[in-house]
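Here is the structure we will look at.
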Amino acid sequence: MFLFDREQDVYDIGGVKVGGQPGEYATVLCGTIFYAKHYLVEDAEKGIFDKKAAEEVINKQDEFSDLTGNPCMMQIFSESPEAMEKEIAFCTEKSDSPFLIDSTVAEAKMAGLKYSDEVGLTERAVYNSINISCSEEELEVIKNSKLEAAIVLAFNPKDSTVAGKIDLLETGAGTFDKGLIYLARDMGVMKQMCDPATLPLGAGCGSSCASGFAIKSKFGVAVGLGIHNAPSAWTWLKGFRKEHAERIPDPARPGKTKWTGLGAEVFHICDVASNVIPPLLGQDFVLYGPIENAPTVFPLVGMVDMIVSEGNTAEHELEAKGDHPITKMGA
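This is how it looks when you write it as structure tokens:
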């Protein structure tokens, strides 16, 4: 196991600690709800969803967070401003955990941030994300808000190597007049969760993982990945699933189908197991994908946290802090 020479930032976001040295704090796990084609969503544009099913998956994530000691966040993914406000209101009523404001639609994210400001939820909010695609309007909304926490996305389309990601964070890589780390600070975002941007296997995934070492070493900010996106986009794995699985009616979800068979099992295992990679590399948080995967992801990542903590306690006298899996799941 290893420690970073540079002092590492630790942020308190809605009562959740994220950052620090490997093994110091438990890995923060962020499950996505209301994502595209999520089985509980009935009308993505209007924000209509199965409230009972949504409450069940939120409660299950909280339950496994308490069980393992891994803090959690809700990654709220919305398709429109109307949906974003409804979904933030629902999720924050059902759970006290922090939440990510996320969407492929900038207007939805801006609406979510404004709503969070208006109703006093900004202390629990993490904006996802500050990146090279942000417009001047979006940056102005962030600057004028009470926001303190955001994911800084180190996606550099011109250079997917570790050096390219560092260049974007440090200088702006020709897109902005300063690096994203400093741009975010100028907007009042001092609690920075850096996501090096997971690229597909064979197209930069290795550099996405490796860059965490360089980012934490150079800037000391919290680092994490949505690493499950790599196996999810893996052409070979999708082909294997299609060849060795079939879709059948899902008795738990009337009118819906699900994959079953060996292909489905292999796909699910690769998807869930990928989440052990960030904590093994000394990273601080994982965007682990569908929130309904919490019962498998939390014990798995908790186990890895125990290994990392045990190693750094023995080799570097670094004791785990808080409700860490080493204390919650130990023999």
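Here my numbering is used: position 158 in the sequence shown is 182, and no number is missing along the way.
Every residue gets a Cβ at the ideal spot worked out from N, C-alpha and C, and that includes glycine.
Worksheet item: Relative to the alpha-carbon of Gly44, which residue among Ser298, Asp86, Lys76 and Lys345 has its alpha-carbon at the smallest distance?
Response: Lys345
Practice prompt. Express the C-alpha separation of Glu339 and Glu103 in angstroms, rounding to a whole number.
Written response: 47 Å
Fill in: Buried or exposed by the 16-neighbour rule on C-beta atoms within 10 Å, applied to Gly313
buried
Worksheet entry | Three-state class that DSSP yields for Asp201 in the structure shown | coil
Worksheet entry | Exposed unless 16 or more other CB atoms sit within 10 angstroms - verdict on Lys41 | buried
Item to complete: Kindly indicate which three-state DSSP category Glu172 falls into: helix, strand or coil?
Response: coil
Discussion item. Let's test the definition: count the other Cβ atoms within 10 Å of the Cβ of Asp308 and tell me whether it reaches 16, buried, or not, exposed.
Written reply: buried
Worksheet item: Mind checking whether Ile239 and Val245 have CB atoms under 8 Å apart?
Response: yes
Worksheet item: Would a check of beta-carbon distances place Met98 closer than 8 Å to chain B?
Response: No chain B is part of this structure, which consists of one protein chain only.
Discussion item. For Ser282, report the span of its beta strand (DSSP E) as first-last.
Written reply: With the sequence shown as reference, residue 282 is identified as Lys, and Ser is not the correct amino acid for it. Element bounds for Lys282: Thr281 to Thr284.
Discussion item. Mapping the DSSP letters down to three states, classify Tyr206 as helix, strand or coil.
Written reply: helix
Discussion item. Can you check which of these residues, Asn253, Lys215, Leu207 and Thr199, is closest to Val296 by C-alpha distance?
Written reply: Asn253
Worksheet item: Which residues in the same chain have their Cβ closer than 6 Å to the Cβ of Glu23, if we skip the five residues on either side of it in sequence?
Response: Given that the chain is displayed from residue 25 to residue 355, the structure contains no residue 23 and the question cannot be resolved.
Practice prompt. Check whether the Cβ atoms of Leu324 and Val300 lie closer than 8 Å to each other.
Written response: yes
Fill in: C-alpha gap between Ala269 and Gly93, whole angstroms
35 Å
Practice prompt. State the DSSP-derived secondary structure class of Asp295, mapped to helix, strand or coil.
Written response: helix
Worksheet entry | Short Cβ contact (8 Å threshold) for Phe123 with Asn155 | no
Worksheet item: When DSSP builds the beta bridges, which residues end up paired with Tyr35?
Response: Val42
Worksheet item: Taking buried to mean at least 16 other C-beta atoms within 10 Å of its own C-beta, is Val143 buried or exposed?
Response: exposed
Practice prompt. Report the three-state DSSP secondary structure of Gly263 (helix, strand or coil).
Written response: helix
Discussion item. I'd like to know whether the C-beta atoms of Leu286 and Gly236 end up nearer to each other than 8 Å.
Written reply: no
Worksheet item: Considering only residues of the same chain and omitting the five flanking positions on each side of Gly71, which have a CB-CB separation below 6 Å?
Response: Glu106, Ala107, Lys110 and Glu111
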